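Chains as they are written, first to last, in the working numbering: chain A, 479 to 754; chain B, 479 to 754.
Below is the structure:
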């Protein structure tokens with residue numbers, strides 16, 4: 479059973495001179511696959527392309543990646559799993575300067591579908607504020623690059639199952655996203671989500687939700703968010719490519735409507751999309 | 479000829495589930511070795527220890543690392559080379575959360591001594607300002623972690639040999655360090671170097687220079703630096719563990735004394751230390 483393909487070959491290790499290991503010089507995408515279909519593939523590809531552009535990485539051949547994902551899916555009977563794609567700048571000499579000629583390393587791996595409790599969707603999740611801040615750099619904002627120490631430090635601030643996610647803020651105190659998700663607020667039937675032009679990952683599910691909401695006639699705004707603004711919202715929810723939408727029932731000590739009307743409507747739209 | 483040791487074994491690849499590759503979850507040190515002696519080993523070990531503390535990584539056994547470096551040195555006739563040590567949090571499951579039980583991966587590799595031109599030391603180097611900013615996060619400041627995309631983007635802003643280093647600044651415009659070095663300014667016989675409490679790597683050579691300078695009776699200050707302040711200095715020089723001290727002869731369009739008196743004195747002290 480093939481679970482890993484590196485540059486199309488069945489193996490599970492990379493050379494230590496790979497710049498992905500040496501410097502975190504690369505990108506990744508984490509995708510949901512249902513019955514052989516990559517969910518939101520177009521948007522994943524768009525973000526990967528943006529990442530390659532921002533880091534001056536050669537974008538690999540799209541059909542090749544699709545073929546390799548299909549290969550991982552075919553040799554497997556599970557109907558639902560996660561595919562992770564990592565692209566690195568490949569092997570190089572010591573030093574930050576990279577060669578003009580790039581031999582990109584592409585790593586595809588298949589993972590079990592995570593077993594999230596059903597009531598994360600129906601009742602919502604509790605989230606905490608993380609102390610680890612998100613640093614700002616417009617050249618690294620929005621893309622899903624391999625430099626993830628801030629998320630690691632933030633995610634490991636809490637151990638108990640009391641909280642399902644932690645929110646990260648800038649040094650100025652603006653809330654940007656969760657360690658592995660984006661956040662949305664609903665206020666007076668309008669939808670707000672933090673602006674990500676200086677930091678944070680522009681989630682593929684976030685983009686999908688913005689598109690769907692606009693399509694349904696909602697006004698959607700990207701803006702700066704203080705914690706107190708966030709806590710005053712009528713509804714709050716988190717999004718990511720794998721779990722879709724989780725309502726937030728509790729943030730810090732503030733309790734919300736279990737599942738708000740708008741959140742529920744968007745959950746239904748996302749479910750339809752997943753089943754289509 | 480052994481050039482790489484991974485957890486003490488001669489091999490050259492790591493599992494793709496290693497968190498060093500997946501998230502840049504680790505640290506490194508780049509050390510000069512002369513005739514089997516690790517130069518400034520005590521300071522390298524101190525910075526590695528600080529890094530392990532800040533990232534909650536288990537610090538490996540010091541004697542083990544020393545033994546492995548000796549092994550790499552013994553099988554080799556070159557008198558001078560570079561040893562790079564990478565520590566990662568080891569293999570893990572998908573996700574930012576890390577296991578309590580850590581199986582640290584330690585990677586030691588030996589590299590040829592870089593062939594820097596002699597006149598980098600005698601005449602000085604020309605440096606440019608990089609556009610890529612350094613982001614601020616006190617939890618990641620000072621340590622030499624594996625998240626190096628900012629340095630990579632900065633180093634690849636120039637291609638010509640006209641510049642030997644690029645200086646990086648915060649989003650507010652304060653100069654912090656070079657892509658692979660620290661910077662010092664001499665003004666009225668006092669020595670200044672950027673404060674690194676929010677970003678930048680606290681170089682082992684930087685620390686050595688501060689100690690030596692204080693020992694020689696100089697006042698040494700760590701402070702914020704604007705570009706114009708830097709350009710008004712009497713002398714400027716760069717430092718790193720491998721090259722030691724390079725005077726700066728040109729910064730942007732400002733030309734300096736080729737090699738200032740204080741710079742020369744410190745170069746001589748560092749040379750003595752290297753030969754001891």
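Note that the Cβ used here is the ideal one computed from N, Cα and C, for glycine as well. Because the structure is a prediction, the values reported are computed rather than measured.
In this chain, residue 566(A) is not harboured by any alpha helix (DSSP H); it is covered by the beta strand (DSSP E) spanning 558–566. For residue 498(A), the chain B residues whose Cβ falls inside 8 Å of its Cβ are 499, in order along the chain. In its chain, beyond the 5 residues on either side, 604 have a beta carbon closer than 6 Å to the beta carbon of residue 728(B). Chain-ordered, the chain B residues with CB closer than 9 Å to the CB of residue 576(A) read 630, 633, 634.
Three or more Cβ pairs closer than 8 Å define a contact, and the stretch 558–566 of chain B meets that threshold against the stretch 499–507 of chain B. Look at residue 668(A) here: in three-state DSSP terms it is strand. The beta-carbon of residue 614(A) is placed less than 8 Å from the nearest beta-carbon of chain B. Annotation for residue 559(A): 511, 588, 589, 590, 591 place their beta carbon closer than 7 Å to its own, counting only its chain and skipping 5 residues before and after. Minimum Cα-Cα distance from residue 503(B) among the listed residues 748(B), 624(B), 527(B), 580(B) corresponds to 624(B). Rounded to whole angstroms, the separation of the alpha carbons of residue 747(B) and residue 536(A) is 46 Å. The continuous beta strand (DSSP E) containing residue 655(B) extends over residues 653–656. Taking 8 Å as the cut-off, the beta carbon of residue 499(A) is found no closer than this to the beta carbon of residue 631(B). Of the candidates 719(B), 694(B), 544(B), the residue whose Cα lies closest to the Cα of residue 660(B) is 719(B). Residue contact with chain B for residue 502(A): present (Cβ-Cβ distance below 8 Å to some residue of chain B). No Cβ of chain A is located within less than 8 Å of the beta carbon of residue 706(B). Just so you know, the alpha carbons of residue 628(A) and residue 739(B) end up roughly 42 Å apart. Taking the Cα of residue 675(A) as reference, the smallest distance to any Cα among 655(A), 645(A), 520(A) is reached at 655(A). Taking a C-beta distance under 8 Å as the contact criterion, residue 684(B) and residue 717(B) qualify as a contact pair. Within the stretch 569–601 of chain A, those residues whose Cβ lies closer than 8 Å to any Cβ of chain B are, in chain order, 572, 573, 574, 575, 576, 585, 587, 589. With distances taken between CA atoms, residue 645(A) lies nearest to 679(A) out of 664(A), 679(A), 668(A). Ranked by Cα distance from residue 596(B), the first of 725(B), 753(B), 733(B), 744(B) is 725(B).
The beta-carbon separation of residue 744(B) and residue 690(B), rounded to 7 Å, stays under the 8 Å limit for a contact.
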